[in-house]
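Encoded as structure tokens, the structure appears first; notes follow it.
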Amino acid sequence: MNQPNMREAAGLGVKSLIDWAVRQELDNIPTEVRQQTVMVIADDLAAMLSAETEPQVMASQAMQISRGPAGDASVIRADRAKLAPLQAALANALAASWNELDEGYRKAVCHAGLYTLPILLAIAESEKIAVSEVIRASTLAYEVTARFARTWKFSALTIHPHALFNAVGAAAAVGFLRRLPAAQMQDAICNASTLGVVGPYNQAIRGSLIRNAWAAAGIFNGLQAIDWAQAGVTSLSTTPHDVYHETLHSEAHIEELTKDLGTDWAVSSGYHKINACCQYAHSSIEAMREILDKHPELQGGNGVSQIELQTHRLGMTLTDTQPVTTLGAKFSMPHALAASLVYGHGGAEAFSTQSMQDERVAKMRQKVAMRLVDEELPWPHDRPAFVTLITADGQRYSANCMSARGGPDRPFTDLELWQKIEALSQRPAPGLSQAMQSLHALCAHNSQDSAWSMTWHAVVDQMFQPRATSAA
């Protein structure tokens, strides 16, 4: 397809996607898709709570709370401070990104829940919007954001997706929640495509903590994109293509804007994390775990002289052997392998400040040798890992993982995910897991069920109730 025809097709595709999305009602969304949306919401809320004691998160949230303005939207942490929706969303987005425990999208480099949910949930709580509208808007905002990321892919990771698609996600979230008409939705989302920020991907792998703020920063521009659209300050239906392809030189897969709409729901291709690090390292951690399950005497690293890794192109970007921040550790393959060897897992402990200072981990990071796989494999085996431990006496212990658990091809069970969510939330928000499981069950009912009229504000109330009261 030549460039003018591709640009025209992109404009038509954007219009068709938005026209389709605004027509969808709750009953058009299948039960299992609604339930996956609830799981994404629960997972991202738990990710917010996991970071509430991180010093930088605490300091940033304290500034937000002291400056106000006060309002009816909760900062998702134990004391449930209340702010205006914008300020609460900023605080929550920073926390959600912090520990790399939020949900992501497997078919493109994108965390659509992170970009859409903080502002959507803050407005919904503040305005006491019904949960039926929350689930509808969350599903559709995820759909549009993920399809943008799938349509305009970048073979070289130059700009981080948290910076590139954050404003699009925020605009989509608020637009669908407000039920803007199709023309205004198109204008707002196309406006937002021009308002991403220049967030270099290498800031993540170099441990620059500003990367954790990009999803929050997009909320400002997403809201302005809507205001400007409603005031008649608009862009073109071809503007996203102009930004991502013609200016930033992405690949362009225009068919992804509308391919299998209504049957291949984007939220169903999300992934969940148990390991507290960049998803590109998860297959390596799983391979390490397999070796340690068979040879537990190797845990701790005693006697291991080298760790060999063959991994995928994205994994090969994570090369830092001396990370200086917890974010740097989460984006370091040497740290992921060394820490999972020492601790036997890839949980939060393995990527904590203490793990970075652990002499055993520091020593093992220097013993990691990485190289690219011989050939790239198609999805879902596009992020494999082949790990070998070599001991001082020359013994070799190997395992591989072709696709990490958590994605649609190897999903965690609902029980495993609820256990993760419970573990992260039980102290600061003891009712969260039960409240979200009730909403998950409600998704099997059609929109006529009176329970759908319950407000998101009421759900958040339940999340913060003591367990005994919540059970009652």
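0 is the number of the first residue of the sequence shown in numbering that gives the first Met the number 0; add one for each residue after it. Where is the CB? At the ideal position from N, CA and C, for every residue including glycine.
Residue closest to residue i, alpha-carbon to alpha-carbon, out of the options
i: Q353; options: V367, M363, A338; result: A338
i: L317; options: S96, Y342, C276, E102; result: C276
i: A391; options: L25, P295, W378, Q305; result: Q305
i: A187; options: I209, L222, E24; result: L222
i: I460; options: D78, P3, P29, E53; result: Reading off the sequence, residue 460 comes out as Asp, not Ile. The shortest Cα separation from D460 among D78, P3, P29, E53 belongs to D78.
i: M400; options: P410, R382, G406; result: Looking at the sequence shown, residue 400 is not Met but Cys. With distances taken between Cα atoms, C400 lies closest to R382.
i: A20; options: R135, T30, Q356; result: R135
i: L441; options: E7, N4, Q34, R6; result: Q34
i: P427; options: I75, H161, M435; result: I75
i: H197; options: D319, S96, A212, L376; result: Strictly speaking, residue 197 in this sequence is Val, with His absent from that position. Of the candidates D319, S96, A212, L376, the one whose C-alpha sits nearest the C-alpha of V197 is A212.
i: A111; options: D357, P160, M453; result: P160
i: H248; options: D26, F153, E348, Q447; result: F153
i: I253; options: Q2, P3, N4, A9; result: A9
i: H294; options: A450, L89, Q394; result: Q394
i: V273; options: T30, R404, Q447, S59; result: According to the sequence as given, residue 273 is Ile; it is not Val. Here the closest residue by C-alpha is R404.
i: L326; options: R149, R312, A349, M315; result: A349
i: A140; options: G231, Q185, T157, W151; result: Q185
i: I40; options: R66, G70, S137, L89; result: S137
i: A30; options: E7, I118, S131; result: For the sequence presented, residue 30 should be read as Thr rather than Ala. Comparing Cα positions, the closest option is S131.
i: G236; options: G217, L256, S397; result: A quick correction: the sequence has Ser, not Gly, at residue 236. Among G217, L256, S397, the Cα nearest to that of S236 is on L256.
i: T157; options: L119, E99, D226, Y243; result: Y243
i: V173; options: D226, V372, D408; result: D226
Neighbour flag for residue i against chain D, beta carbons, 8 Å
i: P68; result: In the structure shown, chain D does not exist; there is a single protein chain.
For residue i, the first and last residue of its enclosing alpha helix (DSSP H)
i: Y141; result: 130-150
i: Q474; result: Past the edges of the chain, shown from 0 to 471, lies residue 474, and the structure says nothing about it.
i: S15; result: 2-22
i: I420; result: 413-424
i: I253; result: Neither: I253 is in no alpha helix (DSSP H) and is coded neither H nor E.
i: Q278; result: First-last for Q278: undefined, no H or E at that position.
i: L441; result: 431-441
Per DSSP, cross-strand counterpart(s) of residue i
i: Y104; result: C109, G269
i: R395; result: I389
i: K81; result: S73
i: T454; result: A129
i: C400; result: A384
i: L371; result: T310
Limits of the unbroken beta strand (DSSP E) element including residue i
i: Q309; result: 303-310
Pairs of beta-carbons, one from the segment 298-315 and one from the segment 341-353, closer than 8 Å: are there three or more? yes
Kindly provide the ranges of any beta strand (DSSP E) runs that are 3 or more residues long and lie completely inside the segment 147-222, ordered along the chain. none
Under 8 Å, with one C-beta from each stretch per pair, do the segment 179-196 and the segment 10-27 reach the 3-pair mark? yes
Should the segment 80-89 be called in touch with the segment 32-46, which here means at least 3 C-beta pairs below 8 Å? no
Alpha helix (DSSP H) runs contained entirely in the segment 294-369, provided each spans 4 or more residues: 325-329, 332-342, 352-356, 358-364
Measuring CB atoms only, is the segment 347-365 touching the segment 256-264, in the sense that at least three cross pairs come out at less than 8 Å? no
Can at least three beta-carbon pairs, one atom from the segment 121-132 and one from the segment 160-167, be found at a separation below 8 Å? no
Quick test of the definition: if touching needs 3 or more C-beta pairs under 8 Å, does the segment 142-150 touch the segment 100-107? yes
Across the segment 87-102 and the segment 48-65, are there enough close Cβ pairs to call them in contact, namely three or more that are closer than 8 Å? yes
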